[in-house]
Structures are given as structure tokens and as C-alpha cells.
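Novice:
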Amino acid sequence: MVKQWGGDMFARKMNRALWLANLAVKICVLTSISLFWLSGCVWQDKQNTLDRRDECLLCPDDLEAQGDPYKPPQIAPWPISMQESTSELQGLATGKSQTITITGTIKSWRLLAPTNLLVPVRRAQVALVSGDVAITSPTWTSDNGTFSFKLTLANEQKITVRLYSINQKARVVPPNDNNSVYYVDLKTVTVNPSKTFWNLGTMRFLEGSYIWDMLNAVVDVSEWLKNKLGWERSEVTIKYPQGDWPVYVPGEDYIEMPEPGFFTFLGSLGTPELLEGVIYHEYGHAVLWSIYGIRAPYGPGPKKHFIYSESSKGFAFNEGFAYFLEQVVRRELKKSGSSLFDWPLKEADIEKKTPGTM
Amino acid sequence: MDGDIVEGSIASIFWDIYDGMGDDKINSEFRKLWDVLVNDKPQNIHQFRTAWLNRYSSLYEKDLEEIYTLYGVPTITVISPNGGEIWDVGSTQIIRWRSVGVSGNVRIELSLDNGKTWTVVIANTANDGSEPWTVTGPMTPHARIRVVSLNDPDIVDRSNKSFSIRTQVGALRVTIEPAGARNAGAQWRLTSGPDTSWKSSGATISNLPVGTYTVTFKDIPGWIKPADATVTINANQTTTLSRSYVTINAN
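Chains A and B, in that order, give the protein sequences. All letters in the first sequence, in the order written, are residues 1468 to 1825 by the numbering used here. All letters in the second sequence, in the order written, are residues 205 to 455 by the numbering used here.
1. Per DSSP, which one or two residues make a beta bridge with Asp292(B)?
2. Let me make sure I understand the geometry here. Which of Asn411(B), Thr379(B), Gly415(B), Pro413(B) has the alpha-carbon closest to that of Trp402(B)?
3. How would you list, in chain order, the residues of chain A whose beta-carbon sits under 7 Å from the beta-carbon of Lys245(B)?
4. Can Phe1672(A) and Gln247(B) be called in contact, C-beta distance under 9 Å?
5. Since Thr273(B) and Val304(B) are thought to touch, with beta carbons under 8 Å apart, how far apart are those beta carbons, to the nearest angstrom?
6. Can you tell me whether Ile452(B) is helix, strand or coil according to DSSP?
7. Which whole runs of the beta strand (DSSP E) in the segment 1621-1692 of chain A are 3 residues long or more, in chain order?
8. For chain A, find out if any of its Cβ atoms is closer than 9 Å to the Cβ of Gly212(B); answer yes or no.
9. Does Lys1695(A) come out as helix, strand or coil in the three-state DSSP assignment?
10. Can you tell me which of the three DSSP states Leu1741(A) falls into?
11. Can you give, in chain order, each stretch of the alpha helix (DSSP H) that sits fully within the segment 315-394 of chain B and has at least 4 residues?
12. Would you please verify whether the beta carbon of Asn355(B) is less than 9 Å from any beta carbon of chain A?
13. Who are the Cβ neighbours of Cys1526(A) in its own chain at under 6 Å, not counting the five residues just before and after it?
14. Name the residues in the segment 327-340 of chain B whose C-beta lies less than 8 Å from a C-beta of chain A; which are they?
15. Quick one: using the 10 Å Cβ neighbour count with 16 as the cut-off for buried, is Asp1610(A) buried or exposed?
16. Using only alpha-carbon positions, find the residue among Phe1614(A), Glu1699(A), Thr1568(A), Tyr1649(A) that is nearest to Gly1751(A).
17. If contact is defined by three or more beta carbon pairs under 8 Å, each pair taking one atom from either stretch, is the segment 279-293 of chain B in contact with the segment 382-391 of chain B?
18. For Gly212(B), which residues from the same chain have a beta carbon less than 6 Å from its beta carbon, with the 5 sequence-adjacent residues on both sides left out?
19. Among the candidates Asp1720(A), Phe1773(A), Trp1712(A), Trp1691(A), whose CA atom is the shortest distance from the CA of Gly1728(A)?
20. Quick check: what's the CA-CA separation for Phe218(B) versus Lys1695(A)?
21. So if DSSP puts Ala433(B) in a beta bridge, which residue, or which two residues, is it bridged to?
22. Report the neighbours of Trp238(B) on chain A: residues whose CB is nearer than 7 Å to its CB, in chain order.
23. Count the other CB atoms, across all protein chains shown, that sit within 10 Å of the CB of Glu1723(A); report buried if there are 16 or more and exposed otherwise.
24. Would Lys1780(A) pass as an interface residue toward chain B - the criterion being a Cβ-Cβ separation below 9 Å?
25. Let me know the secondary structure DSSP gives Ala215(B) once reduced to three states.
26. Do you know offhand how far Arg362(B)'s Cα is from Gln441(B)'s?
27. Residues of chain A with CB under 9 Å from Tyr264(B), in chain order?
28. At the 9 Å Cβ level, is Gln1709(A) part of the contact set with chain B, yes or no?
29. Taking just the CA atoms, how far does Ile359(B) sit from Glu1702(A)?
30. Among residues of its own chain, excluding the 5 on either side of Gly1558(A), which ones have a beta-carbon nearer than 7 Å to its beta-carbon?
31. What do you reckon, are the CB atoms on Asn1634(A) and Arg1590(A) nearer than 9 Å?
32. Thinking C-alpha only, which one of Gly1697(A), Leu1667(A), Tyr1707(A) is nearest Trp1679(A)?
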């Protein structure tokens, strides 16, 4: 969906059923997490001690820390405020200063069903903080979710690995606040200069994972375009949670994404693959806007529309391109699972001129 | 569809182009599609089709037409002239086109420069698939015809390749008698045509388009010039004309 340029801006509120579905999914998620905990998973305190972490590094992966049950991520002003240098840390030191390396891997549990999917958080921004102040320049995770920091220490230091809702292609911001991003604190440990290499292991989290799923999806589609064309779009802003229907807002150039309940409302279609497809689709609108500017094709069309909807020529062209790009990226990246606009099914539907499953 | 378009049909058309019109053999046409979007910025699928054909000639044209038909997208397709024809000025030719889902009449336009500029040759005619046209000049090897829906000018098609408008030519040779008049400066010229400059006796104008012309003669003192003469130029022939001046008797 793309908001009409200068017209009636976007789809109306979803009905009460959506609200109930939203509530239901949260209950469902909490329930599944509880079951997971009862089944023997170890939830580690974020305030890991060194010994505890070292012990854990010897544990099977499924005994690693997972983070708290789902709760909204916190919000931090953007850009990150960073402590001016490491000299302050050294100034606090009583021992010999030493540069240490801190590494780790970040993966998120997906919120949407099935919830047992664990995916790397790719190319996202992560920093080490002490209290609320960054003590390292932010860095980017790799495509495998790994990160690495250098930190000069003279003494024991409590650090927290903080993940921000921004990656190399997009950022997710709270509604009505373009100057902030979300963050989650993944692990707090105490390090000291006695060891030069600190592997914090795999950090898994659920809180706000939906946000990083969206960011991952933007990496997918933008990287595919870059590889295919050598063309790269500027950073995309996603406002979340905002509205009750996924839309791209031309002119202001951002994507609005509703609460996860929007997707769970779709029942069995409420999957991570569906979320990815929606991001690819809205990104398609952002691509058209980027290459057309104010001349991008628009026109009247149904507020809630699907692939078989009839609409004006401009509206249909814009939507058609977005559907197309979504399907191409899904296919070329070999994304499995169903899509809201599952192509073989919907193509057949179009040819028969009958509505699809939605 | 009354001008409305099913969104999925647009996606399908893009998909089929991307697929190289093959059977799910995803290949390289995304770049071509992208180039049309970036450079031509079509506002709808009709403009996309026009831009595509402008850019890539007849690549996938038939497939595009089939897809349009499949999805009920209104379309016009020029059948003749569609490239390579030679039409003579003055002859009557039949312009032919095919249309699907197009309501209302059409306009027919002519380009002499491969589609860079267009002039209307028939402003309003029934969308019945054919229209006779008496070919007009000038000569060009870069002519194209396009047919445009009057109800929706986005629904348009043009000759895939250029055709030629040819003017058949002949020559005219005029002699003037007697020698005294020639010596006194007698000359002739055409009142119209590609060359209307004064010519001396025996001169020939070549590459003269076929048709009818008027030859006129210069006034010279002491002589009565011949009356204007009408000549017909035939293709690949030299028409000759001889006229005499008469001396004015001073007695």
C-alpha cells in the first residue's frame, strides 16, 4: 500500500478483531515463552559475572542466554552519545592498561509464528555502553550477526552490549520521533585487562525482535538490488508501531508498520516470511519514489487492496511494481513459506479473474 | 475494465518480462525493465509498453500483446505499416491496426523522423482497424505511423520500425528557339516545385517529383515570349518541351 500523494492518506483503523488478535498474539507469545522456560531452558541474568559467562561458554547453545520475555524495546536519542575517549576509563584504572577484544554473536528469536526461528541480526548497529553512555564507537554486526570491539582498559569494567534499531540500510524509529531509535541491552558483563580476548557467545533476544526482522528484510531487498543493478537506495526510515496497515508515505519517504498483531490477525499467514514480503513490497514503493521523485505514478485506488484489486492506472502500476519486486526478491533469495501475495496462487487467480485467498 | 487495471496484471507483466517470457527461467531482463523505469518514468502500464518498445524495438512485443490480452489490458497494435514498406507520395495506402478493449475512436499520426515528432494525419476515425490514407510527402526513409485512442491517449501503438515515403521522380528539359531569342537572354523556369530558378535553353531539371508543373518564360525586349506551358512529369522519364519566342517587327 502506498499513501496517496496529497490525498486521503491511508487505510482506516483495523476493526476490533484486529485489536483482539493483537492481544491474543501477545498472550500466545508469552505462553510459548513460558513453556520454553518450563522445558528446561536456562534464563540467565543479564548481569552475568565473568565466571558465570565462562562457564556458560562451555554449555550447549540452547543453554545460552536468551533475554527477557517479550517487552517493548527501550528508546534512545539518536545519534548515540559516546564517551569522548577511553582515557576516562584508563583514568579510573589502578592497574596496567590493556587493549582487549570483545566479540559476540547476536541472534533474535522471531516473534511471529513459528516462534522457534532464530536468525542473525545482520549489519545492525551495536555499541558497548556503561550505564547509558557508549564507551565504544558503534560497530555493525556481520551477516552472521557477529561483532567485535576493541576496548582499552586498566581495570575491571562493567559493560553492556546494546543493540540499536538501525542498520546499514534502514532504521526503525518510534512514532512521531525521528530523532530516536529503539535499543535492547543484550548482556552485561564485567571484563578486565587480565584477558585480551573476550567471547561473549551468542546473545539471543526476543524483546522487539520484530524490529530487527524488519531491518533484516530491508538488508535483503536493498542488497539484492545493489547486486543486481549496482544501484543503492538511501536509508529507509520505518516508523513503528504506526497505523494499522503497512504503507509507504511518499514525499515524507518513510514506511509505516503496524503492531505485530496486524500479521497475526492473518492467521496462518502471519509468518516471518509474510513480514519480509510486506517489507519488500513497501520497499518497492520506496524504490519507485527514489527514482521517480514527485512524478511517481499515483492515482485513486482501494484503501485495502490486494493483488486482484482493480484501481486507477497509476495506482495499479505502483502497486504492481511493488508486488513484482517483492516476488522477485523472495524467489531469488529462495525465501520459503507463504506470502500474502503468494505468486503461483495469485497469478492463477488473476488469470481466472477470481479473488484469491485474501 | 473501463480504464481500471488489476494490480496483479501489472505485476504479471513485469514478472513475465523479468522471466524473459520464458517458463520461469529467471534471467537478465530486470536491467532492461529498470532502465525503462529510471529513464522513461512511465506513469502506467501503457506508457511502460510504449517506452519499452521505443527502447527495445520489437523485443517481446508479441509476448507483451499476448499478456495484455490475457489480462484484459486495453491495447492498440499497429499492423501496417510496421516497418520496411515503401509508400509512394500520392498513392492510397491502408493503415491497419488491431485493438483490444479500447472504446471510442482513434487518431492517426505520422512521424517523419523515427518517432521524435508527430503530426496528425487523421484526427478522428472509427476504431475499426483500418483507414485509407493518401500518402503525402516529403520523402523520408524514417516514417512511422501511430494510432492513438481518443478516450485514453496512453493507449497507443506505432510502427515497430520505420517505413519509407518515396516520391517518384522524372526530369524536364526545355529548349527555346530561335537562337536570336536565346542570345537576347530568353530563359524558362517552373512556377512551383523543387527548383524555380531561371534556366537557359537546353537545361534539364532532374529528380523532379512526378506531377504536373507550369513552365513560364522570361520577358525580353524586342521579343514576344511563349505562353505558359503545362507539362506532366512521369516517373523515370525525361519530359521535353520546346517553345519559340517571336520577334516584334519594328516596321
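All C-beta atoms, glycine included, are put in the ideal place defined by N, C-alpha and C.
Specialist: Here's the rundown:
1. Arg370(B)
2. Thr379(B)
3. Tyr1759, Arg1762
4. no
5. 5 Å
6. coil
7. 1624-1634, 1637-1640, 1647-1658, 1664-1672
8. yes
9. helix
10. helix
11. 383-387
12. no
13. With a pLDDT of 29 at Cys1526(A), under the threshold of 50, the modelled position of that residue is not reliable, and no figure is offered here.
14. none
15. exposed
16. Glu1699(A)
17. no
18. none
19. Trp1712(A)
20. 16 Å
21. Val419(B)
22. Leu1696
23. buried
24. yes
25. helix
26. 36 Å
27. Those within 9 Å of Tyr264(B) in chain A number zero; the least Cβ separation is about 16 Å.
28. no
29. 37 Å
30. Note on Gly1558(A): pLDDT 40, under 50, position unreliable in the model; the coordinate value appears next. Nothing listed; no residue qualifies.
31. yes
32. Tyr1707(A)
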